[in-house]
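In this note's numbering, the protein residues as written are 1 to 276.
Beta carbons are placed, not taken as given, at the ideal position from N, Cα and C, and that holds for glycine.
The structure displayed is predicted, hence computed values, not measured ones.
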Ligand SMILES: NC(=O)c1ccc[n+]([C@@H]2O[C@H](COP(=O)([O-])OP(=O)(O)OC[C@H]3O[C@@H](n4cnc5c(N)ncnc54)[C@H](OP(=O)(O)O)[C@@H]3O)[C@@H](O)[C@H]2O)c1
């Protein structure tokens, strides 16, 4: 029998992948949930399942978060529903793939909004009341990509570096306030992420299958680290080791070493020019 808790958790990108797995863990522990993503039907099905299985309160908000006004609209809808958010999980995100000079500007604008701007603005809106209450938690989905530049996913890797940097700085500012901030930094996870990034990224994902984790494994470790109030969660001991190695690796060497993993077969190489 689930022990119903009074606290509420807002999770963006809760309709699939890591967001869905994290939502299930919070649901099992009896938290009230606010589930956000674009696919309303999917969210309603998940919400109904949680209500039946765990007897918890679940509120669904279908919204495209890759818009400048999204954070304000979401905050207003949560306030109108009179729900106090104790834990904010900024999970929704996607990665565009390709050579930076060729990739689509509008898609990358949406990526910057979804991965960086909306999580920053949501944190800005929800944090003050958490601080006033002396308790709360912001969880930001970063990535191991935050620890290195990513040729052919340049914008995505840069957005995750932003998320990690912002999270760690805010976590430090909030020490002693009773409010925690955790950045989650998974390696490659078997979710809809690769498909959403396009065919070539899915191909790259296939190439990296040997380091791929399952979303439930990653979510369970992240959930334990969130509960322990950790500043950064890197699921998987080999990934923690890799991050330590990345900190020591010379940048030029690291960049060159990444190309065979990141460059898809359809990406043309530049011919060496005389001026190079
Ligand atoms: N999979 C990996 O290898 C990996 C590794 C490290 C970090 N991450 C990070 O983990 C997070 C979750 O990704 P995932 O792997 O679970 O991928 P996923 O299965 O594709 O899930 C992405 C979630 O974000 C939602 N979403 C996408 N665009 C949205 C938008 N414009 N507005 C609102 N919601 C939107 C999707 O729902 P709708 O389509 O219904 O909107 C879905 O619920 C992302 O931040 C990603 O960068 C993933």
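>> Given the structure, does residue 94 come close to ligand 1, in the sense that its CB is under 7 angstroms from one of the ligand's heavy atoms?
In response: yes
> Whose C-beta lies closer than 6 angstroms to the C-beta of residue 268 among residues of the same chain, with five residues either side of it excluded?
Replying inline: none
> For residue 211, which residues does DSSP report across the bridge?
Replying inline: None, per the DSSP bridge assignment.
> Considering only residues of the same chain and omitting the five flanking positions on each side of residue 82, which have a CB-CB separation below 6 angstroms?
Replying inline: none
>> Is the beta carbon of residue 25 closer than 8 angstroms to that of residue 191?
In response: no
>> Strictly by DSSP, which residues pair up with residue 317?
In response: The structure shown does not extend to residue 317, since the chain spans only 1 to 276, so no value can be given for it.
> Does the beta carbon of residue 71 fall short of 7 angstroms from some heavy atom of ligand 1?
Replying inline: no
> Do the stretch 106 to 120 and the stretch 49 to 69 meet, that is, are 3 or more Cβ pairs less than 8 angstroms apart?
Replying inline: yes
> In this structure, what does DSSP give as the bridge partners for residue 32?
Replying inline: 8
> Taking contact to mean at least 3 C-beta pairs separated by less than 8 angstroms, is the stretch 211 to 223 in contact with the stretch 163 to 180?
Replying inline: no
> Taking the runs of the alpha helix (DSSP H) that are 4 residues or longer, which of them lie wholly in the stretch 112 to 158?
Replying inline: 118 to 133
> When the Cα atoms are used, what is the spatial distance from residue 8 to residue 240?
Replying inline: 31 angstroms
> If we call anything under 8 angstroms between Cβ atoms a contact, is residue 74 one with residue 56?
Replying inline: no
> In chain order, what residues of the same chain lie with their CB nearer than 8 angstroms to the CB of residue 276, ignoring the 5 residues before and after it?
Replying inline: Below a pLDDT of 50, predicted positions are generally treated as unreliable, and residue 276, at 48, falls in that range; the measurement from the model is reported next regardless. Here the set comprises nothing.
> For residue 226, does the three-state DSSP call read helix, strand or coil?
Replying inline: helix
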